[in-house]
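Colleague:
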Amino acid sequence: MSSLPILHLLLLLLSLELQAPKAQGMPVTAPQHYSVMINEIKEILQKSPPLNSATPSDTEKTILRDRASLKPNLDAFLKATENFKEKGGSSISKNLRKFHPCLPKAKPQTASVVIQNDWEDFRGKLYPYLETLKAFLMIKSVWFS
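Here the sequence shown stands for residues 202 to 346, where the numbers follow my numbering.
Right under this line is the structure:
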């Protein structure tokens, strides 16, 4: 009994597997585009005068840096952009939405940052979040590239 037909079948299946599209949820954006989108958001934030004293508390900084809170924090920032359309909230929202499929699902009890209806508070919290997001996406792109 020859095992040649089985080997051909296995090779065919393997070649099809290698040609298969990436798993759902994987970012279709190249890693260098992450930085571009984050820089676009920062440019919008920098159009306003420098931040006064709107720095997050230590607890908020912890939540903003927590990778398990990336998605809940993103949702909080997306919701907050609705209050700042005249200051570029729509453009910020458009870029932030592109990160949603790249982030891991959060556990049900994961805390998210609370953003006041204040541009300074929003900006002060978005900067550290963007740094955490950028670091996460760069690490993820190394692992999955």
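Even glycine gets a Cβ: it sits at the ideal position worked out from N, Cα and C. For clarity, every value in this text was computed on a predicted model and none was experimentally measured.
1. Count the C-beta pairs between the stretch 261-276 and the stretch 238-247 that are closer than 8 Å, then say yes if the count reaches three, no if not.
2. Would you report the Cα separation of residue 339 and residue 211, rounded to the nearest angstrom?
3. Rounded to the nearest angstrom, what separates residue 266 and residue 206 at their Cα positions?
4. Tell me which residue opens and which closes the alpha helix (DSSP H) that residue 261 is part of.
5. Kindly list the residues whose CB is nearer than 8 Å to the CB of residue 253, restricted to its own chain and excluding five residues on each side of it in sequence; keep chain order.
6. Can you tell me which of the three DSSP states residue 208 falls into?
7. Please report how far the alpha carbon of residue 337 lies from the alpha carbon of residue 257, in whole angstroms.
8. Let's test the definition: count the other Cβ atoms within 10 Å of the Cβ of residue 282 and tell me whether it reaches 16, buried, or not, exposed.
Modeller: So, to answer that:
1. no
2. 35 Å
3. 54 Å
4. 259-266
5. 321
6. helix
7. 20 Å
8. buried
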